Each structure stands twice: as C-alpha cells, then as structure tokens.
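Using the numbering used here, the first residue of the sequence shown is number 1, and each one after it goes up by one.
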Amino acid sequence: MPGKHQHFQEPEVGCCGKYFLFGFNIVFWVLGALFLAIGLWAWGEKGVLSNLSALTDLGGLDPVWLFVVVGGIMSVLGFAGCIGALRENTFLLKFFSVFLGLIFFLELATGILAFVFKDWIRDQLNLFINNNVKAYRDDIDLQNLIDFAQEYWSCCGARGPNDWNLNIYFNCTDLNPSRERCGVPFSCCVRDPAEDVLNTQCGYDVRLKLELEQQGSIHTKGCVGQFEKWLQDNLIVVAGVFVGIALLQVLPRPCLPHPALGPPAPLAASPLPALCPTDLRYLPGPEPRERHQGSEGQLP
C-alpha cells in the first residue's frame, strides 16, 4: 500500500524577532563592555592589575567590583543574545534565555526575603556600612562613595556620627595622633549654601562637642535610617525602576524551536512571555516518494 510522508524543514527566524533581539543585545553588549573597560581602567590606575593581592587587602567594598561584575555579566549576555539571534544559534539563545530567567528569579527572591526579614537586612546593612567606615581612608573610590552617600542622604555613619570611632583616623582614643581625631568626614557637615568653597575641615573635633551643639554643624542621623526613609518617600519611583528592569529582562526573550513536531514553544518551564511567537515556525512540506514497478508487481 503506498504511503505518504511529510518532512519538516529547519525552523526559520523571522525578521521581527531576529533583528529586535539583535538590536537590543548589541546595545546591551556595548554598555557591558564599556562598564567592564571602566572597571579595568580604574583597577589599572590603582595598581590592582599588577598586584592582584590588593583585591583582598581592602577591608570594605571596592566600588570598582560593581563595574567589573555588572559589565562582565552584561557583556556575556549581550554576546550570547546578539550572536545567537544573528546566527540563529539555538544553544546561545537558550543560554541567554535561561540566564535572564535565573537573574529575574534571584531578584524576585531577594525582594521577597528583604520584605520578610527586614530586621535582619537592617542589621546586615549596619554591619556593611561600619566595615566600610573602617576602610574609609584605604581606597579613594570607597571614600568617594561614602562621601556621596552621606551628602545625598544627609547622614553620618550607619547609626550616627559615633560610628566613626571605628576608623583609626577619626576615633577618640588618647593614643590617636591624627588631626582628624574625634572628628567626622566633611561629607557629614551641614553645608552652608552661601559657601562657594568646600570646607574639608568642617568636621574636625566636632564630636568633642555636646550632641545638641553637633546638630548645628553636622548631620546626626544615621545612613541606615535615612535610607529607609528615602525608600518610603520614593516608593513609587523605586518600584517603577524595578518594574522597568524586569521588563527589560522579559522583552528580549526569544522563541526557541521545539524539538517535537508542531508549533514552536518558549523555553521549557519558563513563565516569561516569548518574543514574536509567529516568528519561529515549522514549515511542513510534502516529500514525494518514488514508486517503482518491478517484475513481480508494484512495490508498496
């Protein structure tokens, strides 16, 4: 009995999904490479690249790590998404999709845990800030980051100005020979709008005064409390930023061809929507079968 068979050709990627994904990831790739280059340049200026042990010598956070890690992740993801879309490479597209999904779920889990364990997060934030207070003079990038945070949130230390006793240059012990003894960094000072020139010595000896006298010259509130207050006052803006980041992770997810016959499906078990679901499709086509006439009759 004659049989008819159909074969399924290789999946084709439509222009909509292909070039949108390519365009999105080329920007992502360039930004990641720029971040990574800035981070490596900063490490080169500080001599870290010639002495890698300096990475562990700093007691606090080196802000350059943020540029290197974020830039590295963006570069890898941008490369996978860009080349995967351009060359229609299923492996790279799967890697790109899975990695984005993993980052999305980590962000979601972090947000939930931060809401549930608020007190523990507050304690860890206090500890983190105090560790960086200790290393304030050890790294210029860390120093600039702390100064920016204290000026922006009008705060001083994690819980208050006395946290600066943790720093060897600012503590109030009698054995401290530093001129900054019993002081605070200039970023703790209340700025006078009439001053055109920044007074970097405004925090000298300020903690020798009574607390009421300190309030006129420095910020006496801790940065942890000020940061929490800022989050509450800007809740809509913060939520909008996180939603925007989530959308950036959802939009570029590609449709991947399904190994079974039938219409394509997004990456397995992914709750995120696929891009341009009509762009990837299996194109059925008839495959004629030759029938041969032999001496004994027609072959089935």
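We put the beta carbon where it would ideally sit given N, CA and C, even for glycine.
Predicted model only: the values in this text are computed from it and were never measured.
To the nearest angstrom, report how far apart Pro177 and Glu151 are at their CA atoms. 27 Å
DSSP three-state call for Cys189: helix, strand or coil? Looking at Cys189 - three-state DSSP - the assignment turns out to be strand.
Could you tell me the distance, in whole angstroms, from the CA atom of Leu61 to the CA atom of Phe20? 37 Å
Would DSSP call Tyr19 helix, strand or coil? helix
Helix, strand or coil for Ile218, going by three-state DSSP, please let me know. Assignment of Ile218 by DSSP, reduced to helix, strand and coil, places it in the strand class.
Mark Gly216 as exposed unless 16 or more other C-beta atoms lie within 10 angstroms of its C-beta, in which case mark it buried. exposed
Where does the unbroken alpha helix (DSSP H) through Ile83 begin, and where does it stop? 64–87
When we look at the beta-carbon of Glu45 and count the other beta-carbons within 10 Å, is it buried (16 or more) or exposed? exposed
Nearest to Phe22 by alpha carbon, out of Leu93, Leu100, Ile38, Val69? Leu93
Three-state secondary structure (DSSP) at Glu228? helix
Should Asn199 be labelled buried (16 or more other beta-carbon atoms within 10 Å of its own) or exposed? By the neighbour-count rule (16 or more Cβ atoms within 10 Å), Asn199 is not buried but exposed.
How should Val206 be labelled, buried or exposed, when 16 other C-beta atoms within 10 angstroms of its C-beta is the threshold for buried? buried
So, is Leu280 buried or exposed, given that buried needs 16 or more other C-beta atoms within 10 angstroms? Model confidence at Leu280 stands at a pLDDT of 41, short of 50, so the residue's coordinates are unreliable; what they give is reported in the following sentence. It is buried - the Cβ of Leu280 has at least 16 other Cβ atoms within 10 Å.
On the criterion of 16 or more Cβ atoms from any shown chain inside 10 Å, does Glu180 qualify as buried, or is it exposed? buried
For Pro177, the three-state DSSP class (helix, strand or coil): coil
Give the straight-line distance between the Cα atoms of Gly157 and Leu113, rounded to the nearest whole angstrom. Looking at the two C-alpha atoms, the distance is approximately 25 Å.
Cα-Cα separation between Leu36 and Trp43, rounded to whole angstroms: Their backbone Cα atoms lie some 11 Å apart in a straight line.
Hey, Lys134 and Leu108: beta-carbon distance below 8 Å or not? no
Interface flag, Gly111 vs chain C, CB-CB below 8 Å: No chain C appears in this structure, which consists of one protein chain only.
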